[in-house]
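Protein chains in written order, with our numbering: chain A, 1 to 295; chain B, 1001 to 1080. Note that the Cβ used here is the ideal one computed from N, Cα and C, for glycine as well. First up is the structure itself, then whatever we jot down about it.
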């Protein structure tokens, strides 16, 4: 498959992810958020469940809610584990709408500024404090209160649209409810949007708790990447990678979102060793030359 | 043992003055013997461990659905 074809399929699938996340188009006529049975199904990527057109729930929103009501998230743990075991972080690369936003904004400049290494602690801190600990202690959804994606797809649309809620007869956003927290959240969003222009997927690498959880499955999932020994380390894979990973050094890096753009290089392959046997590769230490001499 | 030609040369496994003859022969023999060896890959879990965890995950999912929708008390006020 050529690079252009794979890229077109990838972008199309990302658009399908946007449509999937925004499947509740009836909100235009009904003016209220969807609360039906589909909302008990989590998307395989982060997406605010309070978005006007959202038909499914956000896995991280669900997790923090379980913490807030002090219940164990059985369905969510099973859901994320099964997803991670099957494809690792592939949903981040192929479906996540926020990933698409980051990719498109970064394309405008094509830059990838190196950010401080210490920021890799970001997703751990967000998961531990904003998603688990603080909601558990305060019974408040603090991740949602600060999430830049929530601001982009729920906070801004609701305030801009502000329809009359047919259930209450009042505006959806009550007068005076937009305050300091809204401004803080808007600043966080603007900061991230600016960062997206100069760095490759910084939210995925330094903030996203969903990506963090799924990243631990990259090395053990069914779908994995493999770099052949013939790789010359030319760096073409790194240039194509939306995360800027040196694929030839660590093809199953925790940062890898499995977009498979690097597989357009003939040295990088998708493998599924649990489903099909590998090619009969020769261990490097046991190469025998044609004349019978062993290495 | 490394599998990169330049590192092999540095380690003395291949003649450093050989600009391509020995190296090319090295790779051509590898390919002729059934494919390129894996330079960078991960072995992952043993199949029975993998599938056991997978079955537990599916069971947890089913049990979670049986317990019901957690969103009865979830509202959208937290986004503002």
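Chain B within 9 Å of residue i, Cβ atoms only
i, result
"residue 75 (chain A)", "yes"
"residue 40 (chain A)", "yes"
"residue 224 (chain A)", "yes"
"residue 221 (chain A)", "yes"
"residue 85 (chain A)", "yes"
"residue 273 (chain A)", "yes"
"residue 78 (chain A)", "yes"
"residue 238 (chain A)", "no"
Option nearest residue i by Cα separation, candidates the options
i, options, result
"residue 175 (chain A)", "A:183, A:181, A:214, A:159", "A:159"
"residue 255 (chain A)", "A:264, A:265, A:244", "A:244"
"residue 1058 (chain B)", "A:86, A:217, A:169, A:60", "A:86"
"residue 163 (chain A)", "A:155, A:173, A:154, A:156", "A:173"
"residue 263 (chain A)", "A:145, A:224, A:193, A:43", "A:224"
"residue 199 (chain A)", "A:242, A:226, A:185, A:265", "A:242"
"residue 165 (chain A)", "A:182, A:155, A:68, A:32", "A:32"
"residue 1044 (chain B)", "A:221, A:269, A:276, A:267", "A:221"
"residue 14 (chain A)", "A:185, A:37, A:44", "A:44"
"residue 104 (chain A)", "A:23, A:196, A:209", "A:196"
"residue 156 (chain A)", "A:237, A:122, A:179", "A:179"
"residue 39 (chain A)", "A:29, A:30, A:26, A:54", "A:54"
"residue 51 (chain A)", "A:75, A:69, A:26", "A:26"
"residue 187 (chain A)", "A:154, A:161, A:148", "A:148"
"residue 17 (chain A)", "A:93, A:8, A:75", "A:93"
"residue 124 (chain A)", "A:261, A:228, A:248, A:203", "A:203"
Residues that residue i bridges to, as DSSP identifies them
i, result
"residue 125 (chain A)", "The partner list for residue 125 (chain A) (beta bridge, DSSP) is empty, contrary to what the question assumes."
"residue 57 (chain A)", "A:42"
"residue 225 (chain A)", "A:270"
beta-carbon residue i near the ligand NAD non-hydrogen atom, thresh 8 Å
i, result
"residue 33 (chain A)", "You won't find the ligand NAD in this model; it holds no ligand whatsoever."
Contacts that residue i makes with chain C (C-beta to C-beta distance below 8 Å)
i, result
"residue 82 (chain A)", "No chain C is present in this structure, whose protein chains are A and B."
First and last residue of the uninterrupted alpha helix (DSSP H) at residue i
i, result
"residue 82 (chain A)", "74 to 87"
"residue 6 (chain A)", "3 to 21"
"residue 104 (chain A)", "97 to 109"
"residue 195 (chain A)", "180 to 198"
Chain A within 9 Å of residue i, Cβ atoms only
i, result
"residue 1064 (chain B)", "yes"
"residue 1047 (chain B)", "yes"
_As an exercise, report each continuous beta strand (DSSP E) stretch of at least 3 residues that is fully enclosed by the stretch 124 to 175 of chain A, in chain order._
Counting only runs of 3+ residues, no beta strand (DSSP E) is found wholly inside the stretch 124 to 175 of chain A.
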